[in-house]
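J.: Numbering (numbering that gives the first Met the number 0), first residue to last: 0 to 230.
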Amino acid sequence: MSTLLSSVYLHIFVRFLCAVILGGLLGFEREYHGKAAGLRTHILVCLGATIIMISPLILTGAPHYPGAHSNWVDPGRIIAGIVTGIGFLGAGAIIRMGDVVKGLTTAAGIWFTAAVGVLIGSGHLLLAALSTGIGLFVLLVFDRIEHAFYPLVHKTLQVEINKAECSSFEEKIRDSFIENHVRIEKQSYTWQKEPKRMILTYHIRLSSRINAAKLMDPMIDLDEVMSIKWN
Numbered sequence: 000m001s002t003l004l005s006s007v008y009l010h011i012f013v014r015f016l017c018a019v020i021l022g023g024l025l026g027f028e029r030e031y032h033g034k035a036a037g038l039r040t041h042i043l044v045c046l047g048a049t050i051i052m053i054s055p056l057i058l059t060g061a062p063h064y065p066g067a068h069s070n071w072v073d074p075g076r077i078i079a080g081i082v083t084g085i086g087f088l089g090a091g092a093i094i095r096m097g098d099v100v101k102g103l104t105t106a107a108g109i110w111f112t113a114a115v116g117v118l119i120g121s122g123h124l125l126l127a128a129l130s131t132g133i134g135l136f137v138l139l140v141f142d143r144i145e146h147a148f149y150p151l152v153h154k155t156l157q158v159e160i161n162k163a164e165c166s167s168f169e170e171k172i173r174d175s176f177i178e179n180h181v182r183i184e185k186q187s188y189t190w191q192k193e194p195k196r197m198i199l200t201y202h203i204r205l206s207s208r209i210n211a212a213k214l215m216d217p218m219i220d221l222d223e224v225m226s227i228k229w230n
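(1) For residue 80, which of 46, 171, 117 and 107 has the nearest alpha-carbon?
(2) Measuring only from the beta carbon, is residue 224 closer than 7 Å to any heavy atom that is part of the ligand ADP?
(3) Thinking C-beta only, is residue 160 closer than 8 Å to residue 103?
(4) Rounded to a whole number of angstroms, what is the C-alpha to C-alpha distance between residue 141 and residue 86?
(5) Please report how far the alpha carbon of residue 225 lies from the alpha carbon of residue 21, in whole angstroms.
(6) Do residue 41 and residue 112 have their C-beta atoms closer together than 8 Å?
(7) Please confirm whether residue 230 and residue 155 have their CB atoms less than 8 Å apart.
(8) Using 8 Å as the threshold, is the C-beta distance between residue 26 and residue 37 below it?
(9) Residue 153 and residue 204 look like a contact to me (Cβ under 8 Å); what is the Cβ gap, rounded to whole Å?
(10) I need the straight-line Cα distance from residue 139 to residue 29, nearest angstrom please.
(11) Of the residues 190, 114, 171 and 106, which one's Cα is nearest the Cα of residue 50?
(12) Excluding the five sequence neighbours on either side, which residues of its own chain have a C-beta within less than 6 Å of the C-beta of residue 176, listed in chain order?
(13) Just verifying my parser: in three-state terms, what is the DSSP assignment at residue 195?
(14) Rounded C-beta distance between residue 127 and residue 17? I'm assuming under 8 Å.
(15) Smallest Cα separation from residue 173: which of 136, 15 and 201?
(16) What is the rounded straight-line gap between the Cα of residue 158 and the Cα of residue 133?
(17) Helix, strand or coil for residue 34, going by three-state DSSP, please let me know.
(18) In whole angstroms, what is the alpha-carbon distance linking residue 182 and residue 151?
(19) Suppose the cutoff is 8 Å on Cβ atoms and the five residues either side in sequence are ignored; what does the same chain contact list for residue 44 look like?
(20) Determine the closest residue to residue 53 out of 105, 119, 6 and 39, with distance taken between C-alpha atoms.
(21) Taking 8 Å as the threshold (C-beta atoms), are residue 46 and residue 15 in contact?
(22) Tell me the DSSP secondary structure of residue 208 in three-state form.
(23) Measuring only the C-alpha atoms, how far is residue 267 from residue 106?
(24) In terms of alpha-carbon separation, which member of 208, 192, 39 and 171 lies closest to residue 223?
Listed below in structure tokens is the structure:
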């Protein structure tokens, strides 16, 4: 009995270790690119899916597991529950600012990591490792391919405007960004009481082929714009 118990716990430990390693590899890639759902999140998602898949083996119908009962739970239901539950976490990673949507790749990565955890929990360690390798290939290599065809640069645009005209200007600048395929990575606001001014700071990503003058010329002609800083 003790030998069986040791063997069972060894199998469980190996699966947990695989979940930490494979989830960590996927999470490190996201962490390296500065995403909110990074190393720890992906490890916990992968490990959590693994635990959920293993639990029925102990609690229900696997006779070689100590303490198992006779009734077996359909694994398809367990997987469906994981997929449904992870959807809420993935949705939380998606941010929409106007017509700009961020976090889709991270959300897909969280969902993919849960799927890897399901494979690990069901004992398919080699398939889980292969899936992780393919996932990393897509994240790393395809990212470079995209940049090769559509080279992107990161810039900061700082615009000082008349506070009273803030809302109308934001609509205009977003339209300009959309027209030039500029993605807003982050934005912030600074208010000045006297004189009444607002400084809008946009951290943007755009094609290196776009001329800065092309982007700024329509803005500088607007009455509400006091100054523009680009770096």
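Using N, Cα and C, we set each Cβ at its ideal position, and we do this for glycine too.
T.: Well, looking at it:
(1) 117
(2) Of the ligands one can find in the structure shown there are none, so the ligand ADP has no counterpart to examine.
(3) no
(4) 24 Å
(5) 51 Å
(6) yes
(7) yes
(8) yes
(9) 5 Å
(10) 10 Å
(11) 114
(12) none
(13) coil
(14) 7 Å
(15) 201
(16) 42 Å
(17) coil
(18) 10 Å
(19) 22, 85, 88, 109, 112, 113 and 116
(20) 119
(21) yes
(22) coil
(23) With the chain covering 0 to 230 only, the question about residue 267 has no answer from this structure.
(24) 171
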